[in-house]
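Engineer: Residue numbers (our numbering): 995 to 1481.
#1: If I follow the unbroken alpha helix (DSSP H) through residue 1402, where does it start and stop?
#2: Would you check if the stretch 1015-1022 and the stretch 1306-1324 touch, i.e. whether three or more CB-CB distances between them fall below 8 Å?
#3: Three-state secondary structure (DSSP) at residue 1291?
#4: Would you mind giving the Cβ-Cβ distance between residue 1025 and residue 1293, rounded to the nearest angstrom? I have them listed as a contact below 8 Å.
#5: Grab the span of the alpha helix (DSSP H) containing residue 1386 for me, first residue to last.
#6: Could you name the residues of the same chain whose beta carbon sits closer than 8 Å to that of residue 1008, not counting the 5 residues immediately before and after it, in chain order?
#7: Got a sec? Which residues, its chain only, sit under 8 Å from residue 1359 by beta carbon, not counting five neighbours each side?
#8: Going by the DSSP bridge assignment, what does residue 1047 pair with across the sheet?
#9: Which residue spans inside the stretch 1224-1295 form an unbroken alpha helix (DSSP H) run of at least 4?
#10: With 16 as the cutoff for other CB atoms within 10 Å, does residue 997 come out buried or exposed?
#11: Classify residue 1367 as buried or exposed, calling it buried when 16 or more other Cβ atoms lie within 10 Å of its own Cβ.
#12: By DSSP, does residue 1335 sit in helix, in strand, or in coil?
#13: Enumerate, from N- to C-terminal direction, the unbroken beta strand (DSSP E) stretches of 3 or more residues contained entirely within the stretch 1053-1090.
#14: Output the distance between the C-alpha atoms of residue 1355 and residue 1264, rounded to the nearest integer angstrom.
#15: Per DSSP, which one or two residues make a beta bridge with residue 1176?
#16: Can you give me the start and stop residues for the beta strand (DSSP E) that residue 1466 sits inside?
#17: Starting from residue 1203, follow the beta strand (DSSP E) in both directions and report where the run begins and ends.
#18: Under 9 Å between the Cβ atoms of residue 1405 and residue 1185?
#19: Using 10 angstroms around the beta-carbon of residue 1228, count the other beta-carbons present and answer buried if the total reaches 16, otherwise exposed.
#20: In chain order, what residues of the same chain lie with their CB nearer than 6 Å to the CB of residue 1222, ignoring the 5 residues before and after it?
#21: Check whether the stretch 1065-1076 and the stretch 1042-1055 are in contact - that is, three or more C-beta pairs closer than 8 Å.
#22: What span of residues does the alpha helix (DSSP H) with residue 1367 cover, start to end?
#23: Quick check on the burial criterion: 16 or more other C-beta atoms within 10 angstroms. Buried or exposed for residue 1127?
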């Protein structure tokens, strides 16, 4: 069976806490787990992270951990009876600011969690609640009271999310609670931190500063789920390490019709700027209750893979569904099938020109050679994973074995398409010995057969970041147990 290049992210929750499920998820092919900080307690997240580290070690896998911050999600407050039936054309008031605490939700109105909501609205604006299932049109603003008209019969229940059609809400990306949770993420030692509802590069820089002050060097993930983020996309990508196409709230704000094109745009621009991209939200939603995906879901996942996404993500399917392991297995099958459709040459047509960094030039030359030589694998010695990331921007028929002495670097590489990280320490070794040791490691693990031709990248000083400056074509000699190499 061919190696799967696209990575799989699975959210942990009550379903994955059941005995044997986490080990099953890892065996099925999970590469990164997501801790959803919108739910659960810090102690629950600590326990799940510890379980992941233990299960990954037992499986001999590099499994990354992603902490997903709640962000400034606007929610309505609670109703007296838990839910209400809204009638088309009826008046329904939202109460913000000081009026919120005095509000008891009923069919006439409910409080909202964002005190400044009234300041961001004007008559005619459309508000979307419960992922767009409930629509309210603003009629007028009376201080902290927002008078709206219900558009269509609907049922509305406690604590549902609220968005403004077209975006334009002014709240920032990081709440005080988020800042506290970054400290929890630092304590856990997560590999990725996802910033929800970011609007600009400044939001990502703020999150990075908070994380670094907490002693956390995790990679930063920008969740694109606000209309404002689309206008600032290039800057957000440059200020981030990873970008997530968060299709839930993004689809609500910009409308379903615009979402497919924007998904492709985000993936394309992220890859062009040499960053990593995740596609998320409702990818196999039916598998919350079914052991098999729908054909539409299969096509959805496959299209994201063909477009070049590094990773696809499961949310409720693995966190709360009845078939978490089957969902990962289905995702893996779909990815492998879709990867057969890759058109490798098109990557070079859009590749960066006028390169200034030597390591980027080495990576591009490496990927060019994979198209013109029979190559079993690419072997990259790397400190931070930067070389592997740049190599993975080009879809290659050959696996990229990325060898690093840093566990944190290896776990961050677990999110990169086509990259398979392994532990290897080349410090102090002459170039020839480092190459020999790396090839011997892969040969011993059955990853390279005798006689295989490989492309090998390294640097004169592997203790320095960005030091990759050498590309060699090597052949694994038919000698066991310590294979020789020929340049």
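C-beta atoms are modelled at their ideal positions from N, C-alpha and C, and glycine is treated no differently.
Structural biologist: On the basis of the supplied data:
#1: Taking the first residue of the chain shown as 1, we reach residue 1402 at position 408. Unbroken alpha helix (DSSP H) run through residue 1402: 1401-1407.
#2: Because the criterion of three Cβ pairs below 8 Å is met, the stretch 1306-1324 and the stretch 1015-1022 touch.
#3: Locating residue 1291 in the chain shown gives position 297, counting from the first residue. Residue state, collapsed to three classes: helix.
#4: Position 31 of the chain shown, counted from the start, is the residue given in the question as residue 1025. Position 299 of the chain shown, counted from the start, is the residue given in the question as residue 1293. Rounded, the Cβ-Cβ distance is 22 Å, inconsistent with contact.
#5: Along the chain shown, one-based indexing puts residue 1386 at 392. Element bounds for residue 1386: 1380-1386.
#6: By 1-based counting over the chain shown, the position of residue 1008 is 14. 1313 and 1314.
#7: Sequence index remark: in the chain shown, residue 1359 carries index 365 (1-based). Only 1465 meet the Cβ criterion.
#8: Along the chain shown, one-based indexing puts residue 1047 at 53. Bridge partners of residue 1047: none, in fact.
#9: Listed in chain order, they are 1227-1232, 1241-1248 and 1253-1266.
#10: Here residue 997 corresponds to residue number 3 of the chain shown, with the count starting at 1. Residue 997 should be labelled exposed.
#11: Counting from 1 along the chain shown, the entry for residue 1367 is found at position 373. Exposed, by the Cβ-count rule.
#12: For the purposes of this step, residue 1335 is taken as residue 341 along the chain shown, with counting starting at 1. Coil.
#13: 1058-1062, 1077-1080 and 1085-1089
#14: Residue 1355 sits at position 361 when you count from the first residue of the chain shown. Residue 1264 sits at position 270 when you count from the first residue of the chain shown. A straight-line Cα-Cα distance of about 19 Å links residue 1355 and residue 1264.
#15: Reading the chain shown from its first residue, position 182 is the one you call residue 1176. Its beta-bridge partners do not exist; DSSP assigns none.
#16: To locate residue 1466, count along the chain shown from 1; it is residue 472. Unbroken beta strand (DSSP E) run through residue 1466: 1462-1470.
#17: Locating residue 1203 in the chain shown gives position 209, where the first residue counts as 1. Taken as a continuous stretch (DSSP letters only), residue 1203 belongs to no beta strand (DSSP E), being part of the alpha helix (DSSP H) at 1195-1207.
#18: The count along the chain shown starts at 1 and reaches residue 1405 at position 411. The count along the chain shown starts at 1 and reaches residue 1185 at position 191. Yes, these two residues count as a Cβ contact at 9 Å.
#19: In the chain shown, counting from the first residue as 1, residue 1228 sits at position 234. With fewer than 16 other Cβ atoms within 10 Å, it is exposed.
#20: Within the chain shown, numbered from 1, the residue matching residue 1222 stands at position 228. Taken in chain order, the residues that qualify are 1161 and 1193.
#21: The answer is no - the stretch 1042-1055 does not touch the stretch 1065-1076, with fewer than three Cβ pairs under 8 Å.
#22: Taking the chain shown and counting its residues from 1, the one referred to as residue 1367 is at position 373. Here residue 1367 belongs to no alpha helix (DSSP H), and DSSP marks it neither H nor E.
#23: Translated into the one-based positions of the chain shown, residue 1127 becomes position 133. Residue 1127 comes out exposed.
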